[in-house]
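Colleague: Using our numbering, you'd call the opening residue of the sequence shown number 5 and step up by one each time.
C-beta atoms are modelled at their ideal positions from N, C-alpha and C, and glycine is treated no differently.
Mind looking over this structure? Questions follow.
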Amino acid sequence: MNFKELYEKAFSVSKETYITKDVEIGSVGCAIYTESGHIYLGKNLNMSCAIGTCAERNAIASMLTNENSKILMMACVHKSGKIIMPCGACREFMYLLGDICNDIEILFSLEPLKTISIKELLPNWWRDELKKD
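Right under this line is the structure:
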């Protein structure tokens, strides 16, 4: 698996669909690649009442439902084709999963290829700060 292929998988599910006037899915797609060689996809879910979830958490939840593996690679793509970074809630979610996500390479750029780690995205995590005492 390479990041170009993972990007294409994430982009393939980033097409908006309106379920109702209050529920839209899919303006962001996420693809994760696991140590066991599986790819899991997720779409964001937006609701007018602010209950919703991000594509990253949906992809990870799908993986957790089907296996308990280490995530090696992640790509998050907006419907425009732009690569985006996980939001704060997703960063916290991934960090709390510990070894499952500790070594994730998150796609930052395809040209040139650049990745970023969860620790770089979430420096000075609150739990690490508590451990210092």
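In chain order, what residues of the same chain lie with their CB nearer than 8 Å to the CB of residue 32, ignoring the 5 residues before and after it?
Modeller: For residue 32, where only same-chain residues beyond five positions count, the Cβ hits under 8 Å are 18, 47, 48, 58, 59, 80, 81, 82, 83, 88.
Colleague: Kindly indicate the opening and closing residues of the alpha helix (DSSP H) around residue 33.
Modeller: First-last for residue 33: 27-38, but that is the beta strand (DSSP E), not the alpha helix (DSSP H).
Colleague: Ordered along the chain, which non-local residues of its own chain (more than five positions away) have a Cβ less than 6 Å from that of residue 34?
Modeller: Excluding positions up to five away in sequence, the list reads 14, 46, 59, 60, 63, 80.
Colleague: In whole angstroms, what is the alpha-carbon distance linking residue 4 and residue 10?
Modeller: Residue 4 cannot be examined here, being either before or after the span of the chain that is shown, 5 to 137.
Colleague: Just verifying my parser: in three-state terms, what is the DSSP assignment at residue 79?
Modeller: Strand at residue 79.
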